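Numbered as in the working numbering, the sequence shown ends at 464 without a single skipped number.
Yeah, the Cβ is synthetic: ideal placement off N, Cα and C, and Gly gets one too.
In this text, all values refer to a predicted model and were calculated from it rather than measured experimentally.
Let me begin by presenting the structure, written as structure tokens, before commenting on it.
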Amino acid sequence: MALLPEIVRRVVRAKLSGGISMPARGQKQLPSISIYFSDPLADLISTGAQDSERPIQRLSRTVFACGGTAVVVRYAHKRDLAVLNARRFSRVYLLIDDDLENLEQSDGLPQDYRRKLIVYRDGPFRRLMDLVTDVVAPSENILSAYSPKRAIHLDPAQCHQTAALVHHHNVRPFDIVFAATRSHLHDLSHVAPALAEVLRRRPDARLTTFLNGHAPRSLRNLPNAIHLPMMEWSRYRAYVAENRFHVAIAPALDTPFNRARSISKLHDHAAFGAAGVYSHQQPFDRIVAHNQSGLLISNQPEEWRDSLLDLAERREKTLKLASGGQILSQTLGDIRRVRNFWIRELGLA
């Protein structure tokens, strides 16, 4: 099967898709800002002097202000801290979706990624916490570390457009996606030999990742494995809008960092029109109904192999799971819920 034209098509369509604004040079967008804050409140956020009448001002890439309240999304560095100290806000919300207090050697994170998080946690983050009054996170595991701050649970919004499911009626190919960054590489590596076996036994199956040269060795050089470069958020959103898959996989080893992750992958999978396959643990064991809105399976590689082979053979089951996953995503990811949360918290009701 000649895959090169397919690779070119996907990359070019992602680059050229219209309708999604690209960030200014040097200003990479953070997914967390979109799915927890800026998309639900887009019409209320000032984008410049011409929008000065809008109630929420963007002070920097990650800091927003509404009257005497500030909202910090994940990061606050030297300039951000200076702004926060100068304005003396009465309330400072921190929206965080990483478990910075459980960065252990056994968490499976790439060493360079872990070091980056530790440097931030032990430096600017500690100074930020002196100012924070309220912590907002998608996991009780994260929130438990921030007592006596006011802790608020908030799941992310679905900010992709939900895909139609007509691609499930095509007999071939059978497209599988691993829509995750290098922070999940150890998780994928655990089941990679089983995935490689699926691809060898089903030449009509195709696996797409965004790991480029970081893909596990057993998944490299396979004719039906596509390893695209990691994409900046706005480009990834364009890619999601243009591409469809039958199955989306989210293996996750049982680590504190993984147990504190959000349910955002559910929304990605729904937008791809894919049936979600998840490790049977937090956060998905609390939301996914097995065999209805996705599959919850153990971390035994053989179970991943057998489950994917079964879905490739039983396409009506794959379609049913994809449909159930979309209903779940639309329910939990209702953008109005996130919007109403912030309108109440910011006193805009």
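- Out of PRO263, ALA278, ALA260, the CA that lies nearest to the CA of GLY439 is found in ALA278.
- Counting only the Cα atoms, ALA295 lies some 18 Å from LEU423.
- Contact check for ALA340 against LEU322 passes: the beta carbons are separated by less than 7 Å.
- Taking a cut-off of 8 Å on C-beta distances, the stretch 240 to 250 does not touch the stretch 329 to 340, as fewer than three cross pairs fall below it.
- Secondary structure of VAL403 (DSSP, three-state): coil.
- The beta carbons of LEU461 and THR162 sit no closer together than 7 Å.
- ALA311 sits close to SER333, with the two beta carbons spaced by under 7 Å.
- Between PHE289 and ALA386, the C-beta gap is not smaller than 7 Å, which leaves the two residues out of contact.
- Around the beta-carbon of GLN144, 16 or more other beta-carbon atoms lie within 10 Å, marking it buried.
- A straight line joining the alpha-carbon of SER153 with that of PHE456 spans about 13 Å.
- In the DSSP assignment, LEU209 falls within the unbroken beta strand (DSSP E) covering 206 to 210.
- Residues of the same chain with a CB within less than 6 Å of the CB of ILE267, apart from the 5 flanking positions on each side, are VAL251 in chain order.
- Nearest to GLU417 by C-alpha distance, out of PRO344, ARG430, HIS305, is HIS305.
- Between ASN256 and PRO225, the alpha-carbon positions lie close to 21 Å from each other.
- Around GLN407, the same chain offers GLY439 as residues with beta carbons nearer than 6 Å, after the five sequence neighbours per side are excluded.
- By the CB criterion at 7 Å, ALA367 and ASP302 fall inside the cutoff.
- Annotation for LEU423: the continuous alpha helix (DSSP H) segment containing it runs 416 to 428.
- The alpha-carbon of SER254 is positioned some 38 Å away from that of ASN285.
- For VAL362, the enclosing beta strand (DSSP E) covers residues 362 to 365.
- Scanning the stretch 142 to 223 from its first residue to its last, the whole alpha helix (DSSP H) runs of 4-plus residues come out as 193 to 202.
- By the neighbour-count criterion, in which a residue is buried when 16 or more other Cβ atoms sit within 10 angstroms of its Cβ, PRO263 is exposed.
- Shown here, PHE293 sits in a strand according to DSSP, grouped into three states.
- For HIS342, the enclosing beta strand (DSSP E) stretches over residues 340 to 342.
- Three or more Cβ pairs drawn from the stretch 229 to 244 and the stretch 189 to 199 lie within less than 8 Å of each other, which places the two stretches in contact.
- Of the residues LEU215, ARG173, ASN373, the one whose Cα lies closest to the Cα of VAL234 is LEU215.
- With respect to the C-alpha of PHE325, the residue from GLN445, ASP421, ILE148, LEU343 having the closest C-alpha is LEU343.
- Only residues of its own chain outside the window of five on either side were considered, and among them CYS274 have a CB closer than 6 Å to the CB of SER149, listed in chain order.
- For ALA260, the CB contacts under 7 Å within the same chain, skipping 5 residues up- and downstream, are GLU216 in chain order.
- Cβ neighbours of LEU300 within its own chain (closer than 7 Å, five residues either side excluded): PRO225, LEU326, HIS329.
- Under the three-state reduction of DSSP output, GLY238 falls in the helix class.
- VAL251 carries a strand assignment under DSSP once its states are collapsed to helix, strand and coil.
- Comparing C-alpha distances from HIS361 to each of PRO155, SER413, ALA320 shows the shortest one belongs to ALA320.
- Under the DSSP definition of a beta bridge, THR323 partners with VAL292, ILE341.
- Here GLN397 has ARG374 as same chain residues with Cβ atoms under 6 Å from its own Cβ, once five neighbours each way along the sequence are excluded.
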